[in-house]
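In what follows, a structure is listed as structure tokens, so that the remarks can point back to it.
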Amino acid sequence: MASHKLLLLPGDGIGPEVIAEVKRLIDWLNAQGIARFETEQELVGGAAYDASKQSITDATMAKAQAADAVIFGSVGGPKWDGVAYEARPEAGLLRLRKELGLFANLRPAVCYPALADASSLKREAVEGLDIMIVRELTGGVYFGEPKTITDLGNGQKRAIDTQVYDTYEIERIARVAFDLARKRRNKLTSMEKRNVMKSGVLWNEVVTQVHGREYKDVELEHQLADSGGMNLVKWPKQFDVIVTDNLFGDMLSDIAAMLTGSLGMLPSASLGEVDVKTRQRKALYEPVHGSAPDIAGKGLANPIAMVASFGMALRYSFDMGELADKLDAAIAAVLASGLRTADIKSDGDTAVSTTRMGAAILKELQKLHA
Ligand code: NAD
Numbered sequence: 057m058a059s060h061k062l063l064l065l066p067g068d069g070i071g072p073e074v075i076a077e078v079k080r081l082i083d084w085l086n087a088q089g090i091a092r093f094e095t096e097q098e099l100v101g102g103a104a105y106d107a108s109k110q111s112i113t114d115a116t117m118a119k120a121q122a123a124d125a126v127i128f129g130s131v132g133g134p135k136w137d138g139v140a141y142e143a144r145p146e147a148g149l150l151r152l153r154k155e156l157g158l159f160a161n162l163r164p165a166v167c168y169p170a171l172a173d174a175s176s177l178k179r180e181a182v183e184g185l186d187i188m189i190v191r192e193l194t195g196g197v198y199f200g201e202p203k204t205i206t207d208l209g210n211g212q213k214r215a216i217d218t219q220v221y222d223t224y225e226i227e228r229i230a231r232v233a234f235d236l237a238r239k240r241r242n243k244l245t246s247m248e249k250r251n252v253m254k255s256g257v258l259w260n261e262v263v264t265q266v267h268g269r270e271y272k273d274v275e276l277e278h279q280l281a282d283s284g285g286m287n288l289v290k291w292p293k294q295f296d297v298i299v300t301d302n303l304f305g306d307m308l309s310d311i312a313a314m315l316t317g318s319l320g321m322l323p324s325a326s327l328g329e330v331d332v333k334t335r336q337r338k339a340l341y342e343p344v345h346g347s348a349p350d351i352a353g354k355g356l357a358n359p360i361a362m363v364a365s366f367g368m369a370l371r372y373s374f375d376m377g378e379l380a381d382k383l384d385a386a387i388a389a390v391l392a393s394g395l396r397t398a399d400i401k402s403d404g405d406t407a408v409s410t411t412r413m414g415a416a417i418l419k420e421l422q423k424l425h426a
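Under my numbering, the first residue of the sequence shown carries the number 57, and numbering increases by one thereafter.
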């Protein structure tokens, strides 16, 4: 059996608490001989800053480069608010994304039936929802140059951000999205603003070309990002995979996230290019939530976002789709049994701790695997 190298970066706040629940799963998978994971653990974010005055060291970066996947908790917290900009906790995550070339951010929005009433939408609109937002992560207006604020000398200032995309950037994110659609319900919706933005015109053109050349079997539709946003909250089940740029993806994935209830439920994956030699992608898996300083150290964190992020690693880095399906089913079964952490409980429910939830998920997985 092939062995896989995982770099665990728990980070700050609730990061170490939720990563401990992934470690519990890894230990069991290894002990049962279901998989062989070699794990190393390092510091990132504020914890790394406290130890080395850097939010991630070169040595940790080298381990991330050498790993088959990075499993990341969360970084940040008020303790490091005064730290210099380049050493702030979030800089460690940005460096990882940049140097690993993680251009594709995958954010599933899945509504577990047991939690459908926690959504701000009606149960019938979200029950059984399972969509995937693919956001371009390393280009577009967040990175384009020039990016300046200029004093015009007449009491006015001018701020410039540049939205820029090259063909290759659109092609590679489109391929990630088409490939995902093929493994799901075979439908891709591309969103941009071609009516007012040149980058939208090129985005639309390139996605259409990639479809015509390589993915004719997948159903492709285009929506303007603003009406796409409306459709997401009107009838989200019309979508399977959505692909969009960095800026629109940032907003649309947050909207989709909230359809499903709590931040504590949302996993994500960030993927890089396929290496021609190894056929592997660089990859980082992390929950969408932050370090939740308000509940850190109290055993209150919901570990499901982190555990489901590990499930994405099984699916997208290690081709263990069946095991990932079982892990998702274990999470659904635990929720269906009524177990809730504080963030997803309704009035009258008793909340369980992070470790109790993690242990219950493992127990369900053991049953499904028996
Ligand atoms: P947050 O996601 O940490 O918390 C927002 C709210 O959601 C809080 O009330 C928190 O208690 C709750 N919450 C979050 N995750 C939860 C979980 N797993 N279980 C139960 N409740 C959960 O966002 P914030 O408060 O805006 O940011 C706190 C810190 O995290 C800041 O320093 C911020 O910069 C950082 N942050 C880091 C990341 C990251 O590491 N990728 C992402 C977002 C924010």
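Virtual Cβ for every residue (Gly too), placed ideally from N, Cα, C.
Any non-hydrogen atom of the ligand NAD closer than 7 Å to T206 Cβ: In the sequence shown, counting from the first residue as 1, residue 206 sits at position 150. False, no ligand heavy atom lies under 7 Å from that Cβ.
D173 (DSSP reduced to helix, strand or coil): Indexing the sequence shown from 1 puts residue 173 at position 117. Three-state result, D173: helix.
Own chain partners of K338 with C-beta closer than 7 Å, once the 5 adjacent residues on each side are dropped: On the sequence shown, residue 338 is found 282 positions in, with the first residue counted as 1. Around K338, the same chain offers L156, G157, L158, G328 as residues with beta carbons nearer than 7 Å, after the five sequence neighbours per side are excluded.
Cβ pair count under 8 Å reaching 3, the region 190-209 against the region 349-367: In this structure the region 190-209 does not lie against the region 349-367, because fewer than three pairs of beta carbons, one per stretch, are closer than 8 Å.
Proximal residues to R238 (C-beta, below 8 Å), its chain only, five neighbours per side dropped: On the sequence shown, position 182 is the one that residue 238 refers to. Exclusion of the five residues before and after R238 leaves Y271, D273, V274 as the residues of its chain whose Cβ lies within less than 8 Å of its Cβ.
Candidates D235, D301, G367, I189, of which the one nearest G195 by Cα: Here residue 195 corresponds to residue number 139 of the sequence shown, with the count starting at 1. Closest by alpha carbon: D301.
Cβ neighbours of V220 in the same chain (closer than 6 Å, five flanking residues each side left out): For the purposes of this step, residue 220 is taken as residue 164 along the sequence shown, with counting starting at 1. Only G200 meet the Cβ criterion.
Identity of the residue in L379, A398, D405, T316 nearest G89 by Cα: Taking the first residue of the sequence shown as 1, we reach residue 89 at position 33. Out of L379, A398, D405, T316, L379 has the C-alpha closest to the C-alpha of G89.
The region 381-396 touching the region 96-106, judged by at least three CB pairs closer than 8 Å: With fewer than three CB-CB distances shorter than 8 Å, the region 381-396 does not count as touching the region 96-106.
Contacting residues, own chain, Cβ-Cβ under 8 Å from P292 (five flanking each side not counted): As a first step, residue 292 must be located in the sequence shown, where it is residue number 236. Correct list, in chain order: A165, L177, A181, V182, L185, I187, A312, L315.
Close-in-space but distant-in-sequence residues of the same chain around S111 (CB under 6 Å, 5 per side omitted): Residue 111 sits at position 55 when you count from the first residue of the sequence shown. Excluding the 5 residues flanking it on each side, S111 has same chain C-beta neighbours closer than 6 Å at G101, A104, Y105, A143, P145, A147, G148, in chain order.
3-residue-minimum beta strand (DSSP E) runs that sit fully inside the region 213-287, ordered along the chain: Annotation: the region 213-287 contains the following complete segments of the beta strand (DSSP E) (minimum length 3 residues), in chain order: 213-218, 243-248, 275-280.
Any non-hydrogen atom of the ligand NAD closer than 7 Å to S347 Cβ: For the purposes of this step, residue 347 is taken as the residue at position 291 of the sequence shown. The beta carbon of S347 sits closer than 7 Å to at least one heavy atom of the ligand NAD.
Bridge partners - V166, DSSP secondary structure assignment: Your numbering for residue 166 matches position 110 in the sequence shown. According to DSSP, V166 bridges with D186.
Three-state secondary structure (DSSP) of N86: Reading the sequence shown from its first residue, position 30 is the one you call residue 86. Reduced to three states, the DSSP call for N86 is helix.
Collapsed DSSP secondary structure at T410 in the structure displayed: Within the sequence shown, the letter at position 354 stands for residue 410. Judged by DSSP in its simplified three-state form, T410 adopts helix.
According to DSSP, residues forming a beta bridge with G200: Translated into positions along the sequence shown, residue 200 becomes position 144. DSSP, once it has assigned bridges, lists T218 as partnering G200.
Rounded separation between G414 and E77 - CA only: As a first step, residue 414 is located in the sequence shown; it is residue number 358 there, counting from the start. As a first step, residue 77 is located in the sequence shown; it is residue number 21 there, counting from the start. Straight-line Cα distance between these residues: approximately 5 Å.
Counterpart residues of Y341 in DSSP-defined beta bridges: Locating residue 341 in the sequence shown gives position 285, where the first residue counts as 1. Bridge partners of Y341: I127, A325.
Collapsed DSSP secondary structure at P359 in the structure displayed: Numbered from its first residue, the sequence shown carries residue 359 at position 303. In the structure shown, P359 adopts coil according to DSSP, grouped into three states.
As assigned by DSSP and simplified to three states, the class of E192: Here residue 192 is taken as the residue at index 136 of the sequence shown, counted from 1. E192 falls in the strand class under three-state DSSP.
Spatial neighbours of Y372 in its chain, beta-carbon cut-off 6 Å, leaving aside the 5 residues before and after: Within the sequence shown, the letter at position 316 stands for residue 372. Take Y372, set aside five residues on each side of it, and the residues of its chain with a beta-carbon closer than 6 Å to its own are A325, in chain order.
Residue range of the alpha helix (DSSP H) that includes K382: Locating residue 382 in the sequence shown gives position 326, counting from the first residue. Start and end: 377-392.
Buried versus exposed call for G132 [16 or more other C-beta atoms within 10 Å across all chains shown]: Residue mapping note: residue 132 aligns to position 76 of the sequence shown, counting from 1. That one is buried.
Sequence-distant residues of its chain with Cβ nearer than 6 Å to P66 (five each side left out): Against the sequence shown, residue 66 aligns to sequence position 10. Apart from the 5 residues on each side of it in sequence, P66 sits with its Cβ closer than 6 Å to the Cβ of P72, I75, G129 in its chain, given in chain order.
Cβ neighbour criterion (16 or more within 10 Å) applied to S402: In the sequence shown, residue 402 corresponds to position 346, counting from 1. S402 is exposed by the Cβ-count criterion.
Selected residue, minimal CA-CA separation from F366, among Q121, L418, V332: Here residue 366 is taken as the residue at index 310 of the sequence shown, counted from 1. Out of Q121, L418, V332, the CA that lies nearest to the CA of F366 is found in L418.
Status (buried if at least 16 other CB within 10 Å, exposed otherwise) for E277: One-based indexing of the sequence shown puts residue 277 at position 221. Counting of Cβ neighbours within 10 angstroms places E277 among the exposed residues, the total staying below 16.
First through last residue of the beta strand (DSSP E) which encompasses E94: Residue 94 sits at position 38 when you count from the first residue of the sequence shown. 92-97 is the extent of the beta strand (DSSP E) around E94.
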